[in-house]
Each structure stands twice: as structure tokens, then as C-alpha cells.
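Residue numbers (the numbering used here): 57 to 516.
A short worksheet on the structure shown next.
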Ligand code: BG6
């Protein structure tokens, strides 16, 4: 691991859920693994009238209640010792001048070099204002020994036009290399492993194309409902919430060409090209190749579950989809004619995220005059969560005097080989952003390509 520059991490939206459940626990885990810069300052800002101690108490409570955090007292304390709180209304542009002064004063006191990572853990309506205010106050200015970076949470825009407009605006204040658009799926080890699996093993890549692959299925199923996010979700729906981000990331990693190097732009060029090559859906394609649905009331053995329309914050006659599935094609030499199916939704029977690569049938039906009526095609399954691993199903002879074929699974599970440790999924992303490695973050053109892909479905 490379040594990180000393820096200040500013979390906008510090009183929110994300900071408490993910960001601070991730920083504590990094500290535990000795992966934080040797000197750093964590500044939480939000509207609440908290002092440093109240902010720390809030964080303390979160740290003790999250299972994603390696419960190590010294590190939690160490991270808390580096924390300060600043009350800020992010829409008040004038307040940024004194905020900058205070930050600079703290940095001088702690002998920090002024490198800053601004984490925008705020609602989408605040993003533009924060970036503009930071830019106008000169808080994004870099020089040879000082970097300034911004992490922006999803959703990035509401559709293609708004994403384009947001990109255009923020790029007037910050260079693309300063902007880290986060997709937390790329923080998952199993998602990062897709690239390693494909490009560090010589045996799969020769098969990874239209000649051998019949189709690909990407499933991101959740058993939970919309919960307390009714208001946001009702204006977004499953398509916006999951597809131009998580599903597109998974698809791009499976479909991309080998990059020329592991450099951030080389990898993202290939991901972007893959998404840009997805065949644009016509109106007819949308009607024939996509499905949307909404969950109704349901019952389990011991519980009745409300319907989507009964969720707080959701319009009682809402037509927002909580499930979406589609069949897409990628127009390039590698994938011509191979269907890519995706499906995602809330309140499905189980929680599972997986990618299934289904290979073509063996070309010759050798067993036709035996007991075997059908040979199942080989499947390679990449388990992203909750089961993390790679599984290959093959056919094997069932022992006995007659020829009969059964399906068997070769299983690799992460935990068996590498153990498991608490992880929020944000550790690697925070570490990379401090390091200045944008490989796992979305570039402007990629975000736009992803929105472009879903627009015909949204429009229909
Ligand atoms: C978020 C969506 O981006 O991802 C949520 O807004 C969804 O609706 C969540 O539940 C799924 O993430 P994970 O890591 O639990 O699969």
C-alpha cells in the first residue's frame, strides 16, 4: 500500500445516515489497518447546532451500533480525536469564506499541508451549490504541493439532461481529475474482483465472447422494501435508483475490453465504451424487452408487509416502479447478438446480487441415444452478495451402470480462502480518493453514457 498524503477530510451532511453508518466506520477501519495518513483532520459539517463533543457523541453511538466496523476501541478513539464539527448552511455562499478561514486555521495548528477531500454526503439538491461555493471561495484551488478533491454521492442527476447540466456546471469550478463520482458498488471486493477474474486468469477470456456465451444475467434483488426513503424513492423508482449506476457498473465490468493498463483512464475508457455500445432501445424495444412492476401487499409466516403505496412518503396512487428488468444488446464484435438481461427490485423473495454467465450448449449431442434427455449448459456465477464467490456449474456422470448426467458445482467462496472482516464498502474508495486514484469512480462521460442507456425506458 502506498503512503497517503496528510490531509483534511471534510464531510458535508455529517449529521446524516451515510456519515454515521458508513463513512466514519470506514475511516475507523482504515485507521485500524494503518491506512490513514499519519496526520489528518476530519471535519463534519451540517446545519445542526452541535459542538465538537455532540458530533463525537453522535458518531460514537453509530460506531458502537454498526457491525461493519472492526470494534477496536483505540482506533475509534483515534478517529474521534481527529474530528471537529462546523455548523454550515451549504446554501449560504457567504458562509463558505469563514468556513475556509477556520479550516485553514485548524490546518495550520495541526501542521497539515492543506490537501482536502470534500465528501458531499448530501441530497442531490445541494451538490451544485456546494461545488459552486467551494469554487467561488477558492477552496478548490490546487498547486504543486496541495490537492483538493470532491467526492459526489449518487444520484448524479435525475436524467440525461440534468446529469449533463450538472457536469457542465461543476466543471466550471473543478477539473475532471478533482471530481470523484462515487458508486458504492465499486467498493465491494467482489465487484473489484470481476476485473481480476477476467484479466488475471488466462483461461476464461478466450471464451468471453459471442462464440461461447449464450447470454448474461445481472440480478440485484433486495428483500427489503423502500423503508423510510419513500419520498426520495417515489420520485426516482427502481430504474433511476439502481440502473444508471450499480447495474451499469456491473455490466461495464463484465463487457469491457481489456484496458491497455490499470491506469484510471485506461480502465474507465473501456467501461465507458462498453456502455456507449449498448444498442439504443427503440420504442418497440422498450415495450417488448423491458418490464416494470410495483410490489403490493404481502404476507410472510409471521408478518404482513405493506404494499409500496402504503409506504410513508409515497403517493397512494403512485405508479413508480419498484422492479425493473430488461434485455439489452451490446453492438460490438465481442457481444453482437448476446442478450444481457438485468433485473432489480425491492421486496423480492431474497436478497442476492449475482452475475450469471451462461455458456452455449456443447455443439454435438453425443448422448442422444442414452438416458440423458438434456444436457444443461455450463454456468459461471459471480456471487457479489450476500454469497461472495465464483461458482462454475458443469455436467458430470452420475456414478452407476447407466449413462446419466448430473449438474455439479465448483465453488470458490471468499471467506474460505481469505477470511472475512468487517467492511463498509467505503474503505477502498476513501483510500483511493485520498491517494488520487480515480479508477473506481465514475467519469463524466460514463455517467452520461449510463443515463443515455436508460432514457428510452424512462421516456416510454
Ligand atoms: C443504493 C440504493 O444506491 O443501493 C438503494 O439507493 C439500494 O435503494 C442500495 O437499497 C443497495 O445497495 P447494497 O450495497 O445494499 O446492495
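Note that the Cβ used here is the ideal one computed from N, Cα and C, for glycine as well.
Any heavy atom of the ligand BG6 inside 7 Å of the beta-carbon of residue 297?
yes
Integer-rounded CB distance, given that residue 301 should sit under 8 Å from residue 244
Contact doesn't hold; Cβ gap of about 13 Å is too wide.
Distance, Cα to Cα, residue 275 vs residue 457?
Distance between the alpha carbons of residue 275 and residue 457: 40 Å.
8 Å Cβ cutoff, residue 94 in contact with chain C
Structure shown: chain C not included; a single protein chain is present.
Rounded to the nearest angstrom, what separates residue 340 and residue 470 at their Cα positions?
42 Å
Alpha helix (DSSP H) runs wholly inside the segment 233-286, at least 4 long, in chain order:
245-255
Since residue 116 and residue 136 are thought to touch, with beta carbons under 8 Å apart, how far apart are those beta carbons, to the nearest angstrom?
About 7 Å; that satisfies the 8 Å criterion.
Contacts around residue 399, its chain only, beta-carbon distance under 6 Å, and the 5 residues preceding and following it disregarded:
275 and 381
Does the beta-carbon of residue 106 have 16 or more other beta-carbons within 10 angstroms, so that it is buried, or is it exposed?
buried
Can you grab the Cα-Cα spacing for the pair residue 173 / residue 205, in whole Å?
5 Å
Measure how close the beta-carbons of residue 514 and residue 215 come, nearest whole angstrom, since I'm counting them as under 8 Å.
6 Å
According to the Cβ coordinates, are residue 385 and residue 395 closer than 8 Å?
yes
Simplified DSSP assignment, three categories, for residue 453
strand
Using three-state DSSP, classify residue 493 as helix, strand or coil.
Coil at residue 493, not helix or strand.
Supposed close pair residue 305, residue 241 - CB separation, criterion 8 Å
Their Cβ separation, rounded to whole angstroms, is 5 Å, which keeps residue 305 and residue 241 in contact under 8 Å.
On the DSSP bridge list, what partners appear for residue 355?
Per DSSP, 360.
Kindly indicate which residue of 450, 192 and 198 has the alpha-carbon position closest to the one of residue 225.
192
Flag this pair as yes or no: are the beta carbons of residue 158 and residue 441 separated by less than 8 Å?
Residue 441 sits away from residue 158, with the two beta carbons spaced by 8 Å or more.
Give every residue of the same chain whose Cβ lies closer than 8 Å to the Cβ of residue 295, excluding the five residues on either side of it in the sequence, and list them in chain order.
348, 377, 380, 510, 513 and 514
Would you kindly report the start and end of the unbroken alpha helix (DSSP H) that includes residue 141?
Where residue 141 is concerned, there is no enclosing alpha helix (DSSP H), although the beta strand (DSSP E) it sits in stretches over 139-143.
Could you check what DSSP says for residue 293 in three-state terms: helix, strand or coil?
helix
Classify residue 267 as buried or exposed, calling it buried when 16 or more other Cβ atoms lie within 10 Å of its own Cβ.
Result: exposed.
Determine the direct distance from the alpha carbon of residue 160 to that of residue 438, and round the result to whole angstroms.
47 Å
DSSP has residue 208 in a bridge; who is on the other side?
176 and 237
Which word fits residue 356, buried or exposed, when buried means at least 16 other C-beta atoms lie within 10 angstroms of its C-beta?
exposed
Just the Cα atoms here: how many angstroms apart are residue 60 and residue 169?
12 Å
How about the segment 484-492 and the segment 181-196: do they share at least three Cβ pairs that are nearer than 8 Å?
Output reads no: the segment 181-196 does not touch the segment 484-492.
List, from N- to C-terminal side, the beta strand (DSSP E) runs of 3 residues or more that fit wholly inside the segment 75-140.
Whole beta strand (DSSP E) segments, 3+ residues: 96-102.
Alpha-carbon to alpha-carbon, residue 64 and residue 100
11 Å
Compare the C-alpha of residue 250 against each of 298, 310, 303 and 293 and name the closest.
Of the candidates 298, 310, 303 and 293, the one whose C-alpha sits nearest the C-alpha of residue 250 is 310.
Answer yes or no: the CB of residue 109 versus the heavy atoms of the ligand BG6, is any distance below 7 Å?
Flag unset: Cβ of residue 109 not near the ligand BG6.
Candidates 354, 132, 62 and 120: closest to residue 84 by CA position
132
Given 7 Å as the limit, tell me if residue 368 has its C-beta closer than that to any heavy atom belonging to the ligand BG6.
no
In whole angstroms, what is the alpha-carbon distance linking residue 422 and residue 372?
Distance from the CA atom of residue 422 to the CA atom of residue 372, rounded to whole angstroms, is 58 Å.
Is residue 193 helix, strand or coil by DSSP?
coil
Quick test of your reading: residue 461 and residue 428, contact by CB under 8 Å. State the CB separation rounded to the nearest angstrom.
The beta-carbon separation of residue 461 and residue 428, rounded to 5 Å, stays under the 8 Å limit for a contact.
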